[in-house]
Amino acid sequence: MSTSGIEAGAEKPAAQSTPSPQEQLKAIVSGAARTEAAKAEPHASEPEAAKSQPVVEPVAPGRKAASAAVRARPTFRLDGRVAGVACAALAVGTLVGAGASTLSAPRIDRAAGALTEVQSGLEASRVEAARLNTEIERIGRTLAALKDANEVSRGDAKTRASGVTERLTKMEQTVSARLTALGERIEQSDREHATRMAALATSIEKRPVAASVVAPAPAPAASAKAEPAQTGAIPEKPKPAVIEGWAVRDVYDGAAMLEDKKRRLVEVAPGDTVPGIGRVEAVERRGRDWVVVTRQGLITPQSW
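So for the sequence shown, UniProt numbering puts the first residue at 1; every next one is plus one.
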């Protein structure tokens, strides 16, 4: 058996049994013994046959008889080549076994170290897998909590949106109602204003032209006493102030039609009260215009 064969046998798994060098030597020796026994069997059979046959010995001296007796005895001889081969095989087996043991020991150590490393790696992988499973479970719980919070937020947002929509709808309805009422008021005010203007125009058309009455001059008194002579300048009376918030639009039958800056028409006569101004003292014609005399001043025709 060669050295490469022994090394190949040493590298096989432990499950396959490899014969030790001592067992190999025993097998070689037993095989050599069987070979010698097989060779010796013909020689042994020859003396048996010689014994069975009658020995014819001529009458000879005693030396020849003794040599014939020696040749007739069976002999067992061990071949020297077989013995040398057996010894060489024993020596080679011993050396090969020692070398195989020496070579296989580091390999076994390396295999044990590699197995330990693999086991350590597997244990580390198990620990890492357990940690990853724990982390995945934690992330799953976090995602579930976020999902629940998102659902709650969506519900709150929907509730708030519905409330805002309802309030906007109510506000829209309220504004629409107010605009409708305001439009109706404006239309009613326009109708009233048009009615008043039509009535004012009708009254102006129906008003008679006032004739200018010339008052007779009073007769001088027969016996008028001489008045004392006045010396110096006569102080002038202060002019009444003009009220800016009202204007005279028309005068008929001793009454006057007044209008404020809000386009509101008011009919007044002496003794009536103007809102925010006071009592009307008189309705007079001064120059070309008609004025309404009040305690706070004069209301004159004005254009806005």
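Even for Gly, the Cβ is constructed at its ideal location relative to N, Cα and C.
| For ARG263, which of helix, strand or coil comes out of DSSP? | coil
| request: List the DSSP bridge partners of ALA282. | output: VAL293
| query | GLY287: buried (16+ other C-beta within 10 angstroms of its C-beta) or exposed? | reply | The residue in question, GLY287, is exposed, as its Cβ has fewer than 16 Cβ neighbours within 10 Å.
| request: On a CA-only basis, which of ALA157, THR195, ILE277 and ALA247 is nearest GLN302? Give me that one, please. | output: ALA247
| query | I think VAL268 touches ALA282, with their Cβ atoms under 8 Å apart; what is that distance to the nearest whole Å? | reply | Here VAL268 is actually not in contact with ALA282; their C-beta atoms are around 11 Å apart, not less than 8 Å.
| query | Nearest-angstrom Cα distance between ILE277 and ALA181? | reply | Their Cα atoms are separated by approximately 31 Å.
| said: Does ILE243 come out as helix, strand or coil in the three-state DSSP assignment? | reply: coil
| Classification of LEU298 by the beta-carbon crowding that lies within 10 angstroms, buried from 16 upward | buried
| query | Are the Cβ atoms of THR300 and VAL251 separated by less than 8 Å? | reply | In this structure, VAL251 does not lie closer than 8 Å to THR300 by Cβ.
| field | ILE277, DSSP secondary structure in three states | value | coil
| query | What does ILE136 pair with, by DSSP beta-bridge criteria? | reply | Among the bridge pairs identified by DSSP, ILE136 is matched with none.
| Cβ neighbour criterion (16 or more within 10 Å) applied to ALA157 | exposed
| Alpha carbon to alpha carbon, how far is ILE108 from THR116? | 12 Å
| query | Where does ALA89 land, buried or exposed, given buried means 16+ other C-beta within 10 angstroms? | reply | buried
| Buried or exposed: where does GLY294 fall if 16 or more other Cβ atoms within 10 Å of its Cβ makes it buried? | Residue identity check: residue 294 is Thr in the sequence provided, not Gly. Burial call: buried.
| Beta-bridge partners of VAL248, as assigned by DSSP | LEU258
| task | Taking all protein chains shown into account, decide if GLU244 is buried (16 or more other Cβ within 10 angstroms of its Cβ) or exposed. | result | Counting Cβ neighbours within 10 Å, GLU244 comes out exposed, since fewer than 16 surround it.
| said: So if DSSP puts LEU298 in a beta bridge, which residue, or which two residues, is it bridged to? | reply: Under the DSSP definition of a beta bridge, LEU298 partners with VAL242 and VAL293.
| query | Would the beta-carbon of LEU265 fall within 8 Å of that of ARG196? | reply | yes
| field | Whole-angstrom distance between THR174 and GLY140, CA atom to CA atom | value | 50 Å
| field | Euclidean distance between Cα positions of ILE204 and GLU187 | value | About 25 Å.
| request: Kindly give me the distance between the Cβ atoms of ASP289 and VAL280, rounded to whole angstroms, as I take these residues to be in contact under 8 Å. | output: That pair is no contact at about 16 Å.
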